[in-house]
Each structure stands twice: as C-alpha cells, then as structure tokens.
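The structure appears below as structure tokens.
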Amino acid sequence: MGGGGGKVVLITGCSSGIGLRIAVMLAKDEKKRYHVIATMRDLKRKDKLVEAAGDTYGKTLSLAVLDVCSDESVKQCINGIENRHVDILINNAGIGLVGPLESISIEEMKKVFETNFFGVVRMIKEVMPDMKKRKDGRIIVVSSVMGLQGVVFNDVYSASKFAMEGFCEMTLTLVSMIEPGPVHTEFEVKMIQEVKQRDFPGADAETVRLFKEVYLPSSVDIFEALGQTPDDIARCTKKVIEASSPRFRNLTNALYTPIVAMKYADETGTMSVHAFYHLLFNLGPLMHVSVMAMKYLTCGCLRRRTISPN
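In full-length UniProt numbering, the protein residues as written are 1 to 310.
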C-alpha cells in the first residue's frame, strides 16, 4: 500500500458515514495530492465506499483491513504501508452508546472506550514515532462537541470523547481535533431506532420515560434542525489538512459555538449544565417549537457553515 504518489493518508472507519466521505473527497482531489488508504474491520462492507470512490478506486484510493481495537491489526496495517510512511492519519473509527446509565453494563462501557479512546491511542502510538523522526506529519482526530460539553444519557460516549480530547492535548504540535455536533448518518438513525425498542432493565420507570418521551424526541428535532451531513465534516477535515497553521480544536457547526462558550464563560461549570437541563426537561415543548423554528428560519448556508480552521 502507498507509494502511488501524493501524501499518504490513512483513515480509520471508512465503511460508511464520515470516514467514507472523507476518504472519497480526498481521493477525488483535483490536484491528486493524496493517496488514501481507507480502512475498515471487515472488507465485506467495502461496497458503498468502492461505489462512491468510482474510478479513483485502485488509483488514488486503496483499501486495507484495520481493527483499531487490536494491537496486532494496527501493527500489521502500518507495516503493510511502504516504508511505514503515513503523512496524514485520520482517526475516525468510533461507536456510540446512549441510554440510562443504570442499564448500561461495564462491558458495554469498556467496548466504547476500547474503540473511541484506546483505538485512537493505538493509532497515534504506531505512527507518531516515524512522524517525529521525519519532523513531518499530521494527525486528525474526529471527536465531538460531546468531548467538550457532556450531554445527559450520553454519559459513557461523552466520557470517551473527553478522554480523547485530554489525551490529544499532549500531542498539540501534531494533532488537530474535528468536533462535529449532530451529523446525519445511517449510524445515528439506526441507533435511535434500536434504543426506542429497548426496555433498559435496572433503570427506574421515570428515568426511562424521560429518556424515551423527552430526550429522544428532542434529539430527533435537534438532528433534523441542526444536523450536518458527512460531506460537511469531510470538507472541514480537508480544510484542516490544507491549512498552513491548523488549529487544535475545530468545531464544524457554528451554531454550537455559544454552547461551548457558555461552558468556558463560567468557571464553576454550573451555567452550561443547568441551562441544558432546564431547556431539555422543563421546557420540552418550547424546545421543540424553538428547534423547529430554527430549522425553517435559519438559512441553510448558516446551518451548514463550518468554522475556518485557520
């Protein structure tokens, strides 16, 4: 793998969603500046990527098996690249977990951290030494606004993203974070559909009611009104890669800036937490109306606008 001209870009989690769109966008770069190595755990899931890549497949885009939860798989993948040379690593692989905390097993929590946190750590540990020797290279980590502001019923997922953000601060000179808010993907739709049907044993009836009757409908509204597309995230990622002086943190959705700013404006952390909980649990119907109004009144260009990485 690699050696086909252009900078070698290794991307994790490319079978669908954000990873797929980043891989295709870079592979189709008009100046052919990149050779993309798109990875996934199971190459049987390659069809959507191959179809989207079109005639770039086999030219500026190649495929490789990679499971970020396996030390051996990570090492084999990097060793399979010519001279182990990776110019740009994009850590995108991740999984979600949502629901009442009482109903989530420790094993489920470990699985989320194994992918979202330790998966990123494995990848960085494997490529960073070579980048340091060359004094060249970039590492992009697809994080989330939930790595900056926790969200109720997303306790474990938020914790895994917080951990990732904290870990990457120590690698500031090489790493840039991409921090999307809601993104319309098959992954999100499937997850919401599945949790609607679950019973959540261990959680009390009122907590389950709040989750199913308040949180989930509000989440759907927010995704509908504020959600970006995987292509929006891919464009932001490409801008970060091409920036002469890329920032460490890059929010992709300008509408989330006030939420993050609220957190850092109050050193006690009380303002942002109370504001969110009040909005979600005390103003549920008003929140629904407000979000739907935002959907129709806010112009599409603002909803899709990404924050410049420079």
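All C-beta atoms, glycine included, are put in the ideal place defined by N, C-alpha and C.
The region 262 to 278 makes no contact with the region 202 to 219, as fewer than three CB pairs between them are under 8 angstroms. For the options Q193, S160 and Q149, the alpha carbon positioned closest to that of P258 is the one of Q149. Shown here, Q149 sits in coil according to DSSP, grouped into three states, outside any helix or strand. Going by DSSP, A93 is part of no alpha helix (DSSP H) at all; its letter is neither H nor E.
For E107, the enclosing alpha helix (DSSP H) has its first and last residue at I106 to N116. Annotated as distal: D87 and G19, with beta-carbon spacing of 8 angstroms or more. In the three-state DSSP reduction, K7 falls in the strand class (E or B).
Closest by C-alpha distance to S160, out of L66, S176, V141 and E126, is V141. Using a C-beta cut-off of 8 angstroms, the region 77 to 86 makes contact with the region 8 to 18, since at least three inter-stretch Cβ pairs fall below that distance. For R138, the enclosing beta strand (DSSP E) covers residues R138 to V142. Under DSSP, H35 shares a beta bridge with V8. In this structure, L49 places its C-beta atom within 8 angstroms of the C-beta atom of C14.
Note on T268: under 16 other CB atoms within 10 angstroms of its CB, so exposed under the neighbour-count rule. In this structure, the alpha-carbon of F113 lies about 18 angstroms from that of S73. Across the structure, T171 and M131 are spaced so that their CA atoms are roughly 12 angstroms apart. With contacts defined as CB atoms closer than 8 angstroms, S144 and E179 qualify as a contacting pair. Burial state of E165 is buried, judged by a 10 Å Cβ sphere holding 16 or more other Cβ atoms. Put simply, of K46, E108 and A254 the residue whose alpha carbon is nearest the alpha carbon of V65 is K46.
Straight across, the Cα-Cα distance linking M262 with S272 is about 6 angstroms.
Uninterrupted alpha helix (DSSP H) stretches at least 4 residues long and entirely within the region 235 to 282 occur at 257 to 265 and 270 to 277, given in chain order.
Cα atoms of L226 and D232: separation of roughly 12 angstroms, rounded to the nearest angstrom. Contact check for T237 against I22 passes: the beta carbons are separated by less than 8 angstroms. In the structure shown, the three-state DSSP call for L63 is strand. If you look at V183, you'll find it isn't in any beta strand (DSSP E); DSSP assigns it neither H nor E.
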